[in-house]
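S.K.:
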Amino acid sequence: MRLQVFEFNMLPTNTYVVWDDSGKAAVIDPGCYGPAEQQELARFVDSEGLTVRHILCTHFHFDHVFGVPFAEAQWGLTCEAHGGDSWWAEHNADEVRAFGIPYPGTPPSIGKLLADGDVVRFGQTELRCIHTPGHSKGSICFYDAADGVLFAGDTLFAYGGMGRTDLHGGDYGELIHSIRTRLFTLPETTVVYPGHGPSTTIRTERMFHNL
Ligand SMILES: [Zn+2]
Ligand SMILES: [Zn+2]
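First residue of the sequence shown: 167, per our numbering; consecutive thereafter.
#1: Among 254, 295 and 173, which residue has its Cα nearest to the Cα of residue 303?
#2: Just to confirm before moving on: does the CB-CB distance between residue 225 and residue 239 stay below 9 angstroms?
#3: Could you tell me whether the Cβ atoms of residue 237 and residue 198 are closer together than 9 angstroms?
#4: Could you check how far apart the C-beta atoms of residue 113 and residue 230 are, in whole angstroms? I think they sit under 8 angstroms.
#5: Under a three-way DSSP split, which group does residue 258 fall into?
#6: Going by DSSP, name the residue or residues bridged to residue 307.
#7: So what's residue 228 in DSSP terms, helix, strand or just coil?
#8: Using the Cα positions of residue 378 and residue 360, report the straight-line distance between them to the nearest angstrom.
#9: So what does DSSP say about residue 370, is it helix, strand or coil?
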């Protein structure tokens, strides 16, 4: 697997382009805000000669989906996310305004539903969906077992961090349960790519959480 990370929008949010030798790719959490960031993402995909097969959302908070309508139009796809975040799909524009941020264009809706255990395939790559509610009801992580890589969204951050639980659908107890039972049970060498900030490993985060 190869990947490229972009930091997009004002929060700032990690957008990942993931691909393999086949040239088939997935874009995870297209957070690009406005034309300059959209073009930065599109230019990278073109310069690497990639064919984007999936637009994947770890969850439907606005900072992770600002660029979804652009990505859908650019690559002729619909985004994929967990249905537990349907409230966010309906309320993203209001929530953005509550943050004092102008909404860039049309808010996206969830195109294709993903569930726990679903496997997303492109080229030789397989990403398994792990439902990890807590930061939001529909938070999912994408796990590539062959390469030992996890895209964790806002469920787990580097150096002992985890997503906030004070937004709609958040639940602290549920988040801790998801991290302990679904993520800390993965191999310790798994490299974790979060929705914000630097990458880490399951081994490092277990040490921070004293597990
Ligand atoms: Zn979030
Ligand atoms: Zn976020």
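Just so you know, even glycine gets a beta-carbon here, dropped at the ideal spot from N, CA and C.
Because the structure is a prediction, the values reported are computed rather than measured.
M.R.: Let's see:
#1: Indexing the sequence shown from 1 puts residue 303 at position 137. When each option's Cα is compared against that of residue 303, the closest is 254.
#2: Here residue 225 is taken as the residue at index 59 of the sequence shown, counted from 1. Here residue 239 is taken as the residue at index 73 of the sequence shown, counted from 1. Contact: no.
#3: Working through the sequence shown from its first residue, we reach residue 237 at position 71. Working through the sequence shown from its first residue, we reach residue 198 at position 32. Against a cut-off of 9 angstroms, the Cβ pair of residue 198 and residue 237 comes out as a contact.
#4: Missing from the structure shown is residue 113; the chain here goes from 167 to 377 and no further.
#5: Counting from 1 along the sequence shown, the entry for residue 258 is found at position 92. Here residue 258 sits in helix by DSSP.
#6: For the purposes of this step, residue 307 is taken as the residue at position 141 of the sequence shown. Looking at the DSSP output, residue 307 shares a beta bridge with 296.
#7: Residue 228 sits at position 62 when you count from the first residue of the sequence shown. DSSP, read as helix, strand or coil, puts residue 228 in helix.
#8: Within the shown structure, residues of the chain are numbered from 167 to 377, placing residue 378 beyond reach of any answer.
#9: As a position in the sequence shown, residue 370 is number 204, starting the count at 1. Annotated three-state conformation of residue 370 is helix, per DSSP.
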